[in-house]
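Taking it in order: structure first as structure tokens, then the write-up.
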Amino acid sequence: MLWIPAESPATSEDLLLAALAAHEAMGDRWAPIGAPAHELAWWLDTHALALMPTEAHEDVRRQLRDVALTDAVTALRARLSSPFFNLVGEEPRRDPLGLRERAAATIGIDGMWRSTGARVTDTGDLLDRRGRALLMLVLSESPEGELAVLDELARSRELGVALVGYHRAELEARDRVGRSWRSAAIVALAGLAAVLALWRRSLWLPLVDLVLASGVLLAAAGMTSGVTAVSFPILVALLLAVVAAGMGRRDPSGPMVVVLATALLPLWLTPYPALRAWAFPWFIAALLGGFLVRWGRRPIAQWFGEGAIGEGAIGEGAIGEARSRRPAVPRWLAFVCIGIAIAVGAMAVRARDPVVALEVNFGPWPDEQERFVRDFFDPAVLVRATSLGSTRAEAMERASVDARTLMKLVPTDTVAVSGPGLLVLPQAMLVSRQRWLAELDLPDRVARLRGELELRGFRSDAFGEVLHGPSTELELPSAAGLLESPLVRWVEPAIRSSKDGHAVTTWLDLHRDGRPLPVVIDDTGRRLELRGPAIAREQVGRSPTSGVFVALLAQLWIGMLIVWLIERDLPCAWLAGLAGGCTSLLVLGALTWLGIEGSPGLLPALLLISAMAMGSYVAFARHRAPRAPFELAATGGIFVVGGLALASAELPAWQHFGLALAAGGLIAPWFAGIVIPNLGRREPRTVP
Amino acid sequence: MNSFKLGWSRRSVLRAVVLASGCALQPRWGWATAPESADDRRLVNRLELWNAYARKTRNLIAHAAIERKSSLLHQPLRTSTTLVFRAPASLLLRDDDRSGSTTWIEGSTVRILSHTEGTAAKLVTSDDEPAAVWLSEVLLRLLAGDSDEGLRSHGVIRVPSGRGYRIEIVPSTGSLVRKIIRSLLIDLDPVVGAIQAIEVAEAQGDRWTLELTDHRQNLDDASIEAAFADAAALLARDGV
Numbered sequence: 001m002l003w004i005p006a007e008s009p010a011t012s013e014d015l016l017l018a019a020l021a022a023h024e025a026m027g028d029r030w031a032p033i034g035a036p037a038h039e040l041a042w043w044l045d046t047h048a049l050a051l052m053p054t055e056a057h058e059d060v061r062r063q064l065r066d067v068a069l070t071d072a073v074t075a076l077r078a079r080l081s082s083p084f085f086n087l088v089g090e091e092p093r094r095d096p097l098g099l100r101e102r103a104a105a106t107i108g109i110d111g112m113w114r115s116t117g118a119r120v121t122d123t124g125d126l127l128d129r130r131g132r133a134l135l136m137l138v139l140s141e142s143p144e145g146e147l148a149v150l151d152e153l154a155r156s157r158e159l160g161v162a163l164v165g166y167h168r169a170e171l172e173a174r175d176r177v178g179r180s181w182r183s184a185a186i187v188a189l190a191g192l193a194a195v196l197a198l199w200r201r202s203l204w205l206p207l208v209d210l211v212l213a214s215g216v217l218l219a220a221a222g223m224t225s226g227v228t229a230v231s232f233p234i235l236v237a238l239l240l241a242v243v244a245a246g247m248g249r250r251d252p253s254g255p256m257v258v259v260l261a262t263a264l265l266p267l268w269l270t271p272y273p274a275l276r277a278w279a280f281p282w283f284i285a286a287l288l289g290g291f292l293v294r295w296g297r298r299p300i301a302q303w304f305g306e307g308a309i310g311e312g313a314i315g316e317g318a319i320g321e322a323r324s325r326r327p328a329v330p331r332w333l334a335f336v337c338i339g340i341a342i343a344v345g346a347m348a349v350r351a352r353d354p355v356v357a358l359e360v361n362f363g364p365w366p367d368e369q370e371r372f373v374r375d376f377f378d379p380a381v382l383v384r385a386t387s388l389g390s391t392r393a394e395a396m397e398r399a400s401v402d403a404r405t406l407m408k409l410v411p412t413d414t415v416a417v418s419g420p421g422l423l424v425l426p427q428a429m430l431v432s433r434q435r436w437l438a439e440l441d442l443p444d445r446v447a448r449l450r451g452e453l454e455l456r457g458f459r460s461d462a463f464g465e466v467l468h469g470p471s472t473e474l475e476l477p478s479a480a481g482l483l484e485s486p487l488v489r490w491v492e493p494a495i496r497s498s499k500d501g502h503a504v505t506t507w508l509d510l511h512r513d514g515r516p517l518p519v520v521i522d523d524t525g526r527r528l529e530l531r532g533p534a535i536a537r538e539q540v541g542r543s544p545t546s547g548v549f550v551a552l553l554a555q556l557w558i559g560m561l562i563v564w565l566i567e568r569d570l571p572c573a574w575l576a577g578l579a580g581g582c583t584s585l586l587v588l589g590a591l592t593w594l595g596i597e598g599s600p601g602l603l604p605a606l607l608l609i610s611a612m613a614m615g616s617y618v619a620f621a622r623h624r625a626p627r628a629p630f631e632l633a634a635t636g637g638i639f640v641v642g643g644l645a646l647a648s649a650e651l652p653a654w655q656h657f658g659l660a661l662a663a664g665g666l667i668a669p670w671f672a673g674i675v676i677p678n679l680g681r682r683e684p685r686t687v688p
Numbered sequence: 001m002n003s004f005k006l007g008w009s010r011r012s013v014l015r016a017v018v019l020a021s022g023c024a025l026q027p028r029w030g031w032a033t034a035p036e037s038a039d040d041r042r043l044v045n046r047l048e049l050w051n052a053y054a055r056k057t058r059n060l061i062a063h064a065a066i067e068r069k070s071s072l073l074h075q076p077l078r079t080s081t082t083l084v085f086r087a088p089a090s091l092l093l094r095d096d097d098r099s100g101s102t103t104w105i106e107g108s109t110v111r112i113l114s115h116t117e118g119t120a121a122k123l124v125t126s127d128d129e130p131a132a133v134w135l136s137e138v139l140l141r142l143l144a145g146d147s148d149e150g151l152r153s154h155g156v157i158r159v160p161s162g163r164g165y166r167i168e169i170v171p172s173t174g175s176l177v178r179k180i181i182r183s184l185l186i187d188l189d190p191v192v193g194a195i196q197a198i199e200v201a202e203a204q205g206d207r208w209t210l211e212l213t214d215h216r217q218n219l220d221d222a223s224i225e226a227a228f229a230d231a232a233a234l235l236a237r238d239g240v
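Okay, here's the thing in structure tokens:
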């Protein structure tokens, strides 16, 4: 995008001249965004009548009658007295009857960009309605080179230049992730090392834990998409889960490891591909990592020479049994706490819309990106329809049928439709149009119009472009004709070719109010395939598994099943489920209180926290081990430290994820260690 | 006395003091203004004259003769018209001919309504055509009166060569408006300051001229409203 900065003396003319110079410099890497004005006018001049839909044929016939021609010329002369005659977009020399204008409006080619008032320049770039910014399309995978060319051109004319649009958003996101993840990872590792060193009273064991967990993390990153905006917080969560699975003293805590490993399996039920990709890699990595850390660290630490590690040294301290006794909470108070958790969670879920698309919150975009959306178009409301064919012409004909089907959605369901398909007719229609045009007897109508113009004082020669056109043999708007016309430069980027065939794209500009787009069926009963962010959002909204509760309930059910299978104790499984459910509800409440908007990106954090609370209850709190409160606190501390490390990152999405983990780390020990165990049956206060 | 003997006469000391204080005061305290060119003075005079009449205008009716010279026509088009203006932003140019048209500017909306039934009206809103918006704004400001800065924000204002009390407004170089409108020339009454003629020169060669006579300023509202009611009836007929 080129634009005129506030203090610059540059004008719209400079913008257009800079754009022309940029086209020359970029060559084939530049393409028009809209149909270039002159070429489009030429195409419509030639094919306006043929492109008129059947419903308009009777009106056109009426418009070409003698009386109508007389009225049209009289009105034209009447308008000449207005100072605005030549300023209102009327082109009497080319279109005295308004047929071209009417054809453009009827086929809908002029509707795109109307919502922002941007206009297509003579060369096919977009100029904003005030003439202060210009948008051009660059066809390049890495547009840095083109940007340098534009920068040089813009600087000499005192213009601003920036890369905007989807590619900019992608580059910006990659850049922000790249800037943030290393520091967040270092802070998380350092914090975890400190917590583990305090807990273990050893330097070697935490290091071994972290090295083993990091190895698992690398393997998991390799299994998935690597470090991305969505995956990095999940990788940090995996680190926490692996380390948490290794907590505890002597007995291997099987339930903790398995419950944490199955925590993210419910993601497979969700409609978000980026999250679904994590369901099984997490399971494998967390299971392997948990058992590796649990049983592998001691031999490794000893191999490194930490001979002092003995059974008593791990986690043993000077903390007396008396101090470690769990506080006894009356059952009624425990029930009150559970009631509060459910109420807070219910209010939190009511306060937000849980059914939203997975959109990573990267924080505010640069001013240029916002200007692009304001002055030109919002890519979030553009929808793409693809028409396939074995040849380019066949795909274009299919696109012409699809585009006319989509035009039926204008203006109720969509603002506008745009694409080369609107400018051509399928082969079957061409024959009937040729017959209809022959019936109109255009040479005779043109002669009549010429006579009327002369009679009212007009120089008929001044209207030569329209008066000479129809008297020659008519060309029809065929797909092959468009592919060989001067419009081909605009058409080419809309065609994608592969070994399977060719695809032509038609664009829809949706209403900004988010109204749903109906299912579009063409006249053969085929459902048109539409793609775009808005369609994805709608599909998520329609999906029954997009809600937070479905995934949470699935996690609780899986966790309870595992606890029951391992412990063979049904009440214990129910209580573990209660601990997990209450903790995640309270975390949801805490997030709402912090003003954090609900997002599917937070779902992994909520599932993990729920699993951590369940595992903590089963592994540490249930048997009233003397050190259980400290084990619980240390497990929670791991999540608090890891969460705060993420919260210190630049990206708001990661901050929210981190705060959810930290809140879970603070809340889970209370529920798993104090509230829920007091609901269980009274057991003798003995240490197993 | 000794100082005078050293070469400083009383006259030279006084001269030096006056010169030094003059040099010191002029640029810093603005005691003296920059010299105005003759063109600047003429422009300021004309703008004051125009504003003296226009600022008093609450409403205005005048007879007008319109002429359009266009390459579309064998002969220039001449029509008799009535101009009706209601401050601050309503203007009608109503052809007297039954086969003519009415141009109605209402704020940022411009409509061209044909008197002949069955021909569609033309409508332009502020977002559509920059040149139409520019011209409608300038016409309204010219009739309602405005600060010099307000008028200057629409382009360069200058006094064209030749006789008569005239002002020329030229859209900014390089703007989208300049591609369509070359200049706007306003002829003022040298005594009262009322606008006598407006000429629009278009980039493609057309020239539209409006000559105003028989100005009637600040009439009772009823006669103004009647004119706008007629236009509203045309509008209702066309359904724009």
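Top line first, the protein sequences correspond to chains A and B. For what it's worth, this note's numbering labels the leading residue of the first sequence as 1, then goes sequentially. For what it's worth, this note's numbering labels the leading residue of the second sequence as 1, then goes sequentially. Here a beta-carbon is modelled for each residue, glycine too, at the ideal position from N, C-alpha and C. Note that this is a predicted model, so its numbers are computed, not measured.
Spatial neighbours of residue i in its chain, beta-carbon cut-off 8 Å, leaving aside the 5 residues before and after
i: leucine 139 of chain B; result: Leu91, Ile105, Ile198
CA-to-CA distance, residue j to residue i, given in whole angstroms
i: serine 142 of chain A; j: leucine 586 of chain A; result: 46 Å
i: alanine 385 of chain A; j: arginine 100 of chain A; result: 26 Å
i: aspartate 509 of chain A; j: methionine 407 of chain A; result: 11 Å
i: arginine 94 of chain A; j: threonine 524 of chain A; result: 38 Å
i: serine 616 of chain A; j: alanine 148 of chain A; result: 56 Å
i: glutamine 555 of chain A; j: isoleucine 300 of chain A; result: 34 Å
i: serine 108 of chain B; j: alanine 188 of chain A; result: 59 Å
i: alanine 241 of chain A; j: isoleucine 340 of chain A; result: 27 Å
i: leucine 503 of chain A; j: arginine 531 of chain A; result: The sequence as given places alanine at residue 503 of chain A; leucine does not occur at that position. Their Cα atoms are separated by approximately 14 Å.
i: leucine 565 of chain A; j: glycine 673 of chain A; result: 22 Å
i: serine 324 of chain A; j: valine 195 of chain A; result: Here the model assigns serine 324 of chain A a pLDDT of 45, short of 50, so the residue's position is not dependable, and the following value carries that caveat. In a straight line, the C-alpha of serine 324 of chain A is about 19 Å away from that of valine 195 of chain A.
i: glutamate 454 of chain A; j: serine 460 of chain A; result: 6 Å
i: proline 600 of chain A; j: arginine 276 of chain A; result: 11 Å
i: arginine 237 of chain B; j: valine 415 of chain A; result: 28 Å
i: glutamate 55 of chain A; j: aspartate 187 of chain B; result: 52 Å
i: isoleucine 638 of chain A; j: aspartate 367 of chain A; result: 39 Å
i: alanine 245 of chain A; j: valine 563 of chain A; result: 15 Å
i: phenylalanine 283 of chain A; j: alanine 263 of chain A; result: 8 Å
i: arginine 450 of chain A; j: glycine 155 of chain B; result: 40 Å
beta-carbon residue i near the ligand ATP non-hydrogen atom, thresh 6 Å
i: glutamine 204 of chain B; result: As for the ligand ATP, it is missing from this structure, which has no ligand bound.
Same chain only: Cβ atoms within 6 Å of residue i, ignoring 5 sequence neighbours per side
i: tryptophan 654 of chain A; result: Pro233, Leu646
i: valine 227 of chain A; result: Trp181
i: threonine 11 of chain A; result: none
i: proline 266 of chain A; result: Ala551, Ala554, Gln555
i: glycine 312 of chain A; result: Legend: pLDDT at glycine 312 of chain A = 39, less than 50; position of this residue unreliable, value from coordinates given subsequently. Same-chain partners within the cutoff: there are none.
Other residues of its chain near residue i: CB distance less than 7 Å, five sequence neighbours each side excluded
i: threonine 583 of chain A; result: Ile609, Ser610, Ala613, Gly664, Ile667, Ala668, Phe671
DSSP bridge partner residues for residue i (one or two, in chain order)
i: glutamate 202 of chain B; result: B:Ile181
i: serine 497 of chain A; result: A:His502
Problem - 4-residue-minimum alpha helix (DSSP H) runs that sit fully inside the region 57 to 100 of chain A, ordered along the chain - result: Listed in chain order, they are 57 to 63, 66 to 79.
Handout entry: Touching by the beta-carbon criterion (3+ pairs, under 8 Å), the region 637 to 649 of chain A and the region 203 to 215 of chain A
Key = The way I'd put it, the region 637 to 649 of chain A doesn't touch the region 203 to 215 of chain A; fewer than three beta-carbon pairs between them come closer than 8 Å.
Problem - Contact the region 414 to 421 of chain A vs the region 495 to 511 of chain A: 3+ CB pairs below 8 Å - result: Contact between the region 414 to 421 of chain A and the region 495 to 511 of chain A is present, because at least three Cβ pairs lie under 8 Å.
Exercise for the section: Please confirm if the region 215 to 232 of chain A is in contact with the region 255 to 269 of chain A, defined as three or more CB-CB distances below 8 Å between the two stretches. Expected result: Result no; under three Cβ-Cβ pairs closer than 8 Å.
Handout entry: At least 3 beta-carbon pairs within less than 8 Å: the region 53 to 73 of chain B vs the region 34 to 50 of chain A
Key = Note that the region 53 to 73 of chain B does not touch the region 34 to 50 of chain A; fewer than 3 beta-carbon pairs, one per stretch, sit closer than 8 Å.
Handout entry: Contact between the region 431 to 450 of chain A and the region 554 to 568 of chain A (3+ Cβ pairs under 8 Å)
Key = No: the two stretches stay apart, fewer than three of their Cβ pairs being nearer than 8 Å.
Practice task
Check whether the region 472 to 487 of chain A touches the region 30 to 47 of chain A, counting contact only when three or more Cβ pairs, one atom from each stretch, lie closer than 8 Å.
Solution key: They touch, by the three-pair rule.
Exercise for the section: Would you list, in sequence order, the uninterrupted beta strand (DSSP E) runs of no fewer than 3 residues that lie entirely inside the region 358 to 420 of chain A? Expected result: If we require 3 residues or more, the beta strand (DSSP E) runs fully inside the region 358 to 420 of chain A come out as 382 to 389, 414 to 418.
Practice task
Specify whether the region 10 to 29 of chain A and the region 122 to 138 of chain A touch according to this definition: at least 3 beta carbon pairs, one from each stretch, less than 8 Å apart.
Solution key: Yes: the two stretches touch, three or more of their Cβ pairs being nearer than 8 Å.
Handout entry: Any alpha helix (DSSP H) of 4 or more consecutive residues that is wholly inside the region 130 to 188 of chain B
Key = Scanning the region 130 to 188 of chain B for uninterrupted alpha helix (DSSP H) segments of 4 residues or longer gives 130 to 144, 148 to 152, listed from N- to C-terminal end.
Exercise for the section: Determine contact between the region 144 to 158 of chain A and the region 22 to 35 of chain A, defined as no fewer than three beta-carbon pairs at a distance below 8 Å. Expected result: In the pairwise beta carbon analysis, the region 144 to 158 of chain A is classified as touching the region 22 to 35 of chain A: at least three pairs are separated by under 8 Å.
Exercise for the section: Mind the definition here: the region 68 to 88 of chain B touches the region 165 to 175 of chain B only if three or more C-beta pairs lie below 8 Å; say whether that holds. Expected result: No, because fewer than three Cβ pairs between the region 68 to 88 of chain B and the region 165 to 175 of chain B fall closer than 8 Å, the two stretches do not touch.
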